[in-house]
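First comes the structure, then the notes that go with it.
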Amino acid sequence: MQKNLDLLKARDELRNLNKNLETIVRERTFSLQTEVKERKSIEEDLKKSFNKLKRTMEGTVKAIALMIEMRDPYTAGHERRVAKLATAIANEMGLSKEQIDEIRMAGFLHDIGKIVVPAEILCKPGCLNENEFGIIKTHPRLGYEIIKDIEFPCTVAKAILQHHERLDGTGYPGGLMGEDIILEAKIISVADVVEAISSHRPYRPAMGFKNAISEIIEKKNVLYDPHVVDACVRLINEKNFQL
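Numbered per UniProt numbering, the sequence shown spans residues 1 to 243.
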């Protein structure tokens, strides 16, 4: 008899424990669901804030690019076209979205240092003399100094600084060679050259894509990164890319 009573008591205790456990599980599950919902809400708010900040930054970059172009009407649209081609090259090379966004930004801003260059030099219809070209050659470093302390990704400022460097060390302002030049700058470099050759300049008419492509192919592995050149050539010759 006592044994049966003990069994009944144990069963009741077990039943109560199960009920308590179920209550604890329900409460914990509800708490976790609430935490997940709150976390998702926070993540969505952060994503919205990030996208808004990104749009604001892109708008600022485009406004700066327009300001650069207004000082040099002969190259109107240059920044936009370089950004477009550089972005397409980066896509063709399979770079990450983050890298592509940074390259697009650097494309828009690569000539920001020209804000400091006198307009009469920028718009000169003839060839520049040695002193004038020396002033032009300061624009990558000036651009870097303007951008470096702003909250842009660090590669943007470096790409601006290095976009006139060349693989063989003959570029400026640092005479960097090979792997010392970041990939983003190598891409901007090729896009800049192709756009410049194929477009009108105050001292010559537009020379077209054909001449631009011939130039970068001829100087591949000497001045320009071979992978960047190959991607650019594919875009223009095989995929009918248009600026």
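Just so you know, even glycine gets a beta-carbon here, dropped at the ideal spot from N, CA and C.
Which two residues bound the contiguous alpha helix (DSSP H) that contains residue i?
| i | result |
| --- | --- |
| C154 | 154-162 |
| E151 | Here E151 belongs to no alpha helix (DSSP H), and DSSP marks it neither H nor E. |
| D192 | 183-198 |
| T87 | 78-92 |
| F241 | Careful: F241 lies outside any alpha helix (DSSP H) and carries neither H nor E. |
| M105 | 97-109 |
What's the C-alpha gap between residue i and residue j?
| i | j | result |
| --- | --- | --- |
| T155 | C123 | 29 Å |
| L66 | K114 | 12 Å |
| H200 | I217 | 21 Å |
| D111 | H139 | 7 Å |
| E38 | V25 | 20 Å |
| I182 | I160 | 11 Å |
| R166 | L109 | 19 Å |
| R204 | G126 | 9 Å |
| P173 | A185 | 13 Å |
| A106 | Q33 | 43 Å |
| E238 | D230 | 11 Å |
| N129 | I136 | 11 Å |
| G94 | V194 | 20 Å |
| M207 | A86 | 19 Å |
| R28 | S96 | 40 Å |
| R234 | D149 | 36 Å |
| A64 | N240 | At residue 64 the sequence reads Ile, which differs from the Ala that was named. Spanning the two alpha carbons is a distance of roughly 29 Å. |
| H78 | A196 | 8 Å |
| residue 247 | K40 | No answer is possible for residue 247: the residues shown for the chain start at 1 and end at 243. |
If you count every other CB in all the chains shown that lies within 10 Å of the CB of residue i, and 16 or more means buried, which is it?
| i | result |
| --- | --- |
| K158 | buried |
| A212 | buried |
| E92 | buried |
| V190 | buried |
| I42 | exposed |
| S31 | exposed |
| S198 | buried |
| E35 | exposed |
| E215 | buried |
| R81 | buried |
| E151 | exposed |
Looking at chain C, is there any beta carbon in it that lies within less than 8 Å of the beta carbon of residue i?
| i | result |
| --- | --- |
| D101 | This model lacks chain C altogether; it includes just one protein chain. |
Which residue from the options puts its Cα closest to that of residue i?
| i | options | result |
| --- | --- | --- |
| G59 | R104, E98, R204 | R104 |
| I188 | G169, Q33, K84 | K84 |
| F133 | E145, A191, E120 | E120 |
| E145 | Q162, Q33, N221, V228 | Q162 |
| P118 | I68, L243, R28, A196 | I68 |
| N221 | K239, G208, M177 | M177 |
| G175 | L235, R15, L223, T87 | L223 |
| H227 | A90, K19, R15 | A90 |
| K210 | E179, Q242, D225 | Q242 |
| Q99 | D225, K19, P153 | P153 |
Task: Complete beta strand (DSSP E) runs within the stretch 210-239 (minimum length 3 residues, chain order) - done: none
- [ ] Taking only runs that begin and end inside the stretch 111-143, name each unbroken alpha helix (DSSP H) of 4 or more residues, in chain order.
- [x] 119-122, 130-136
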